[in-house]
Each structure stands twice: as C-alpha cells, then as structure tokens.
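The sequence shown stops at residue 232 when you use our numbering, and every number in between is there. Where a beta carbon is used, it is the ideal one built from N, C-alpha and C, also for glycine. Keep in mind the model is a prediction, meaning the values are calculated, not measured.
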Amino acid sequence: MGLMLCDHAWATLFPAEEWLTCIGRIAYPIFAFMIVEGYTHTHDLRRYLLRILLWACLSEIPFNMMYGGSAFYPYHQNVLWTFLESLLLIILIEKCRTHFKKVLATVIIAGIIVLGFILGYATMVDYYGIGILTVLTFYFFRGQTWKIRLLQFICLYILNIKLLGGYYYPFQIFGYEIELFQQGFALISLIPIWLYQGRQGFHNKIFQYTCYAFYPVHIMILIFMQYWLFKP
C-alpha cells in the first residue's frame with residue numbers, strides 16, 4: 001500500500017519526483033500475487049468476488065477524479081476491475097481443466113489467455129492486458145522452486161520491459177550505455193514475493209476492510225490535497 005501511495009502521490013502532487021513512480025512500479029506485481037493467494041485460500045469464492053466488485057465500484061469515482069479530472073471517465077478503469085477480470089478468467093480456466101481432456105483443455109486455456117489480454121485492453125482496466133497476464137503469471141507459476149521463480153522472472157521481464165517498456169533512464173557503466181526502464185523496477189517485487197513463506201500474517205475483519213478502503217480513501221485524500229495546494 002505504501003508503494004502504491006508513492007506512485008499515486010507522484011501522479012497527483014509531485015510529478016517532478018520520478019523516484020516515487022519508480023518505486024511505485026513494485027506495487028502491482030505484489031498485489032497480483034496476493035490476488036492469486038486470495039483465490040487459492042479463500043473459504044468463499046463468491047464472497048471474495050463480490051467484495052472485490054463492491055470496492056471496484058466504490059473506487060471508480062475517486063480513480064476517475066485522479067486520472068480524468070471528473071467523476072465520469074470511461075477511458076481508464078481502476079485496478080480492482082483488472083483483478084476481478086483476472087479472477088473470472090482463472091475460474092474459467094479451472095473449469096476447463098475439470099471438464100475437458102488435457103490436450104483440448106490446453107488449447108482452450110491458451111485461447112482464454114489471449115482473450116484475457118484482449119479483454120484488458122478492450123475494457124481499459126488499469127495496466128490493461130499486461131495487468132491481467134501478470135495475475136495469470138502468478139496463477140500458472142505458483143510455488144517456491146527455482147524453476148517456478150525463473151519462470152516468474154522471465155514472464156515479468158517480458159511483460160514489463162519487452163511489452164510495456166516505455167520511459168527509461170540512460171546511464172553509462174565502464175563506457176557502455178545502459179538503459180534502465182522505469183517499468184523494470186516492477187521486477188524488484190519478486191524479492192518480497194520469493195521471501196513469502198505461505199503463512200498468513202496479522203489478519204482480522206477490521207484490518208481486512210481497512211486494506212480495501214485504503215485504495216479509494218487515499219486517492220480521495222490526494223485529490224483534495226492536490227486541489228487545496230494547487231487551486232488558483
């Protein structure tokens with residue numbers, strides 16, 4: 001949440017402080033990883049989906065205000081919609097694995113992955129199709145073996161540097177120019193993810209809903225601060 005706050009503070013209050021968005025890149029893969037963990041460990045999948053749907057709806061106006069400057073901004077949806085679409089695709093994949101033989105299921109699942117990538121761009125959710133593929137990366141490659149970790153690294157490298165790419169910082173080492181991609185900071189997320197031991201930390205209902213509420217609430221606070229600090 002702190003990393004996400006840094007990124008949104010850059011987007012609203014401190015656009016010149018690019019280090020804020022650089023470290024903010026670390027947040028999304030961690031959230032994507034935890035969404036898969038939530039799916040795996042939830043005792044009530046229906047309630048889990050409805051909870052994300054509820055907070056996606058509650059977060060939409062604050063998100064629109066931050067990115068579009070108005071309550072209605074249909075060109076970019078908040079990240080909880082990304083997670084909701086990803087979860088629905090995972091459920092569909094699980095059903096394919098259950099109801100079809102391996103070869104046919106593999107073909108259908110490949111089609112679902114492509115569909116998810118297209119859906120992310122068609123619905124204009126946060127991180128678009130790349131965001132959905134990031135969640136699916138942690139779904140397909142879940143575990144703590146070195147092979148799983150290598151596959152996670154390769155997928156995040158492709159998604160964040162080869163596909164997203166974008167702004168980069170050139171610098172020289174021993175006379176060679178190196179390009180450090182801003183989105184490449186997302187790969188640092190693998191350090192805390194790999195340190196995760198599969199054990200649930202502090203947890204109760206108040207803390208759970210505080211974490212959900214943090215997303216729309218911190219955005220609204222940043223918007224009010226932006227208006228108060230920079231109003232004519």
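Report yes or no: is there a C-beta of chain C within less than 8 angstroms of the C-beta of residue i?
i, result
"Ile118", "Although the question refers to chain C, the structure presented lacks it and comprises just one protein chain."
Please look up how many angstroms separate the CB atoms of residue i and residue j, rounded, as I've assumed it's under 8 angstroms.
i, j, result
"Met242", "Tyr75", "This structure gives no information on residue 242, because the portion of the chain shown stretches from 1 to 232."
"Thr134", "Pro29", "6 angstroms"
"Met65", "Ala71", "6 angstroms"
"Cys96", "Ile113", "That belief does not hold up - the Cβ atoms of Cys96 and Ile113 are roughly 11 angstroms apart, past 8 angstroms."
"Glu85", "Gly120", "7 angstroms"
"Tyr215", "Ser59", "5 angstroms"
"Tyr167", "Leu180", "10 angstroms between Cβ atoms; not a contact."
"His218", "Leu5", "6 angstroms"
"Phe171", "Ile161", "Contact doesn't hold; Cβ gap of about 16 angstroms is too wide."
"Glu49", "Leu89", "The sequence given here has Leu at residue 49, not Glu. Between Leu89 and Leu49 the Cβ distance is about 12 angstroms, and since that is not below 8 angstroms, they are no contact."
"Ile130", "Leu104", "With a Cβ gap of about 28 angstroms, Ile130 and Leu104 do not count as contacting."
Since residue i sits in a beta bridge, which residues does DSSP pair it with?
i, result
"Ile18", "Going by the sequence as given, residue 18 is Glu instead of Ile. Glu18 is not bridged to any residue."
"Glu179", "Pro170"
"Gln77", "Val125"
Shorter than 7 angstroms, the distance from the beta carbon of residue i to the closest heavy atom of the ligand MG, or not?
i, result
"Leu136", "With respect to the ligand MG, the structure shown offers nothing to examine, as it has no ligands at all."
What residue does the alpha helix (DSSP H) around residue i start on, and which one ends it?
i, result
"Ile154", "Trp146 to Tyr157"
"Ala27", "Ala27 to His41"
"Leu49", "Leu45 to Gly68"
"Lys205", "Lys205 to Phe230"
"Ile188", "Ile188 -> no alpha helix (DSSP H), and no H or E assigned at all."
"Met4", "Gly2 to Thr12"
Hey, would you say residue i sits closer than 8 angstroms to residue j, going by beta carbons?
i, j, result
"Thr12", "Ile223", "yes"
"Val79", "Tyr39", "no"
"Ala27", "Asp7", "yes"
"Leu164", "Thr137", "no"
"Phe117", "Ile93", "no"
"Val262", "Arg142", "What is shown of the chain runs 1 to 232, which leaves residue 262 out entirely."
"Met225", "Pro62", "no"
Cβ contact check for the region 181-199 and the region 13-23: 3 or more pairs under 8 angstroms
Touching, yes.
Could you tell me whether the region 189-196 touches the region 205-215, using the rule of 3 or more Cβ pairs below 8 angstroms?
Too few Cβ pairs lie closer than 8 angstroms, so no.
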